[in-house]
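Notes for the one structure printed next.
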Amino acid sequence: RDIAPLVPCYPSYLHYSQIKETFSRSSVSCLTGTDLQSITDARGDLCWQVTQQVHLLIEKSLSQQSQRQRQRQRQRQNSSEVKDEVSQVLLSLSRPKVAAHVTGSFVPKLERAGGAPVFAGRRVYGQKISWWEGRKGLAFLQDVQLVDGELVVSQPGLYYVYAQTYFRHSHLGEDGEDSEEVEDRGKPLLQYIYKKMSSYPAPILLMKTSRTSCWSQGSQYSLHSAHQGGLFPLTTGDRLFVTVTNASAVDMDEETSFFGAFLIS
Numbered sequence: 001r002d003i004a005p006l007v008p009c010y011p012s013y014l015h016y017s018q019i020k021e022t023f024s025r026s027s028v029s030c031l032t033g034t035d036l037q038s039i040t041d042a043r044g045d046l047c048w049q050v051t052q053q054v055h056l057l058i059e060k061s062l063s064q065q066s067q068r069q070r071q072r073q074r075q076r077q078n079s080s081e082v083k084d085e086v087s088q089v090l091l092s093l094s095r096p097k098v099a100a101h102v103t104g105s106f107v108p109k110l111e112r113a114g115g116a117p118v119f120a121g122r123r124v125y126g127q128k129i130s131w132w133e134g135r136k137g138l139a140f141l142q143d144v145q146l147v148d149g150e151l152v153v154s155q156p157g158l159y160y161v162y163a164q165t166y167f168r169h170s171h172l173g174e175d176g177e178d179s180e181e182v183e184d185r186g187k188p189l190l191q192y193i194y195k196k197m198s199s200y201p202a203p204i205l206l207m208k209t210s211r212t213s214c215w216s217q218g219s220q221y222s223l224h225s226a227h228q229g230g231l232f233p234l235t236t237g238d239r240l241f242v243t244v245t246n247a248s249a250v251d252m253d254e255e256t257s258f259f260g261a262f263l264i265s
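Position 115, counted from 1, in the sequence shown is what UniProt numbering calls 115; the numbers after and before it change by one each time, with no gaps.
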């Protein structure tokens with residue numbers, strides 16, 4: 001009888017020992033054990049679960065750290081690309097613009113005819129237009145000179161060269177019709193763009209275009225325009241000029257007759 005009351009207390013003592021052992025094994029102290037193989041073999045063991053949780057936390061932390069490093073690398077790369085683009089833009093802005101647009105200048109018709117010589121014997125066709133305007137109105141010169149109707153290139157590179165001339169033929173009555181106008185009627189109106197180089201004796205033809213002038217005898221005047229443009233490599237000191245078949249017939253209004261070039265690259 002005296003021993004019987006002590007029997008029920010034995011399982012409680014055993015349960016306490018199990019709890020103490022479980023707490024000890026589920027604590028961080030289980031990670032300091034040397035027999036790791038026995039821990040991994042018992043997947044249901046609490047110490048194995050703690051170890052797995054710690055491993056997952058370590059992997060997650062390493063993954064997050066790697067992502068942050070990649071983000072910082074991308075940010076540095078993007079920042080470097082932005083700096084490069086900004087530097088290129090600033091360089092292009094600081095680079096001097098090379099361009100010229102000269103327009104027609106009104107001068108007496110007789111002076112136009114006298115100031116447009118024919119380059120005989122040098123394989124140059126037509127009469128050179130030498131009275132372009134380079135400063136007033138729509139005209140401008142940026143790092144390009146205008147000398148005797150010729151654009152002088154200051155920097156080497158690839159240029160877009162263009163020109164337009166506007167021909168106006170006035171018609172007189174049958175009794176007082178000008179013989180020159182009658183002779184020009186039906187002839188093609190040609191426009192040429194030439195380049196002169198210091199290393200070559202004769203001007204080089206870059207482009208030419210033509211329009212056929214044909215009109216009725218009853219009309220008071222006729223208008224014909226010739227336009228052309230293209231890309232050409234030019235060097236420092238090269239000169240560009242325009243010639244036409246009949247310089248006296250060119251309408252030298254700034255919106256109708258013009259000539260220019262600008263640097264592409």
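Virtual Cβ for every residue (Gly too), placed ideally from N, Cα, C. A quick note: this is a predicted structure, and the numbers were derived from the prediction, not measured.
What does the Cβ neighbour count give for residue i, buried or exposed, with the cut at 16 atoms within 10 Å?
| i | result |
| --- | --- |
| I193 | buried |
| Q164 | buried |
| I264 | exposed |
| L36 | Caution applies to L36, whose pLDDT of 47 falls short of 50 and renders its modelled position unreliable; the value that the coordinates give is listed next. By the neighbour-count rule (16 or more Cβ atoms within 10 Å), L36 is not buried but exposed. |
| L200 | The amino acid occupying residue 200 in the given sequence is Tyr; Leu does not appear at that position. Looking at its Cβ environment, which holds fewer than 16 other Cβ atoms inside 10 Å, Y200 is exposed. |
| L62 | exposed |
| V124 | buried |
| L240 | buried |
| V86 | exposed |
| K60 | exposed |
| Q127 | buried |
| D175 | Unreliable positioning characterises D175 in this predicted model, as indicated by a pLDDT of 49, which lies under 50. The coordinate reading is nonetheless provided below. Exposed, since its Cβ has fewer than 16 Cβ neighbours within 10 Å. |
Among residues of its own chain, excluding the 5 on either side of residue i, which ones have a beta-carbon nearer than 8 Å to its beta-carbon?
| i | result |
| --- | --- |
| S210 | P188, L189, L190, Q191 and A226 |
| A100 | G134, F140, L141, Q142, V144, L146, L151, G260, A261 and F262 |
| V102 | W132, E133, G134, A139, L141, L146, L151, F258, F259 and G260 |
State yes or no: is the C-beta of residue i nearer than 7 Å to some heavy atom of the ligand GDP?
| i | result |
| --- | --- |
| P201 | Inclusion of the ligand GDP in the displayed structure is not the case, the ligand content being empty and no account of it being possible. |
First and last residue of the beta strand (DSSP E) that includes residue i?
| i | result |
| --- | --- |
| A99 | A99 to T103 |
| E150 | E150 to V153 |
| R211 | I204 to T212 |
| G260 | F258 to L263 |
| L138 | Counting along the chain, L138 falls outside any beta strand (DSSP E), and DSSP gives it neither H nor E. |
| V124 | Run containing V124: none; DSSP gives neither H nor E here. |
How big is the Cα-Cα spacing for residue i and residue j?
| i | j | result |
| --- | --- | --- |
| L146 | S80 | 43 Å |
| Q67 | V82 | 22 Å |
| S257 | G237 | 25 Å |
| A155 | T245 | Residue 155 is actually Gln in this sequence, not Ala. In a straight line, the C-alpha of Q155 is about 31 Å away from that of T245. |
| S198 | L205 | 15 Å |
| A139 | F232 | 22 Å |
| K136 | D84 | 39 Å |
| W132 | K97 | 21 Å |
| V242 | E255 | 17 Å |
| Q53 | Q65 | 18 Å |
| R70 | L57 | 20 Å |
| L158 | Y166 | 27 Å |
| H55 | Q88 | 49 Å |
| Y162 | V153 | 14 Å |
| R72 | V50 | 33 Å |
So who's on the other strand from residue i, going by DSSP bridges?
| i | result |
| --- | --- |
| V242 | I193 |
| V250 | F167 |
| S225 | Y166 |
| V82 | According to DSSP, V82 bridges with nothing at all. |
| P233 | L158 |
| P188 | T212 |
Closer than 6 Å by C-beta to residue i: which residues in its own chain qualify, once you throw out the five before and the five after it? Chain order, please.
| i | result |
| --- | --- |
| D235 | This sequence places Thr at residue 235; Asp is not what is there. If we look at T235 and ignore the five residues flanking it on each side, its Cβ neighbours are P156. |
| L223 | R168 |
| P203 | V124, Y194 and K196 |
| T212 | P188 |
| M207 | I193, Q228 and G230 |
| G104 | M252, D253, E254 and S257 |
Please work out which residues of its chain come closer than 7 Å, Cβ to Cβ, to residue i, disregarding the five sequence neighbours upstream and downstream, and give them in chain order.
| i | result |
| --- | --- |
| Y160 | G229, L231, A261, F262 and I264 |
| F106 | M252 |
| V250 | I129, T165, Y166, F167, V244 and S257 |
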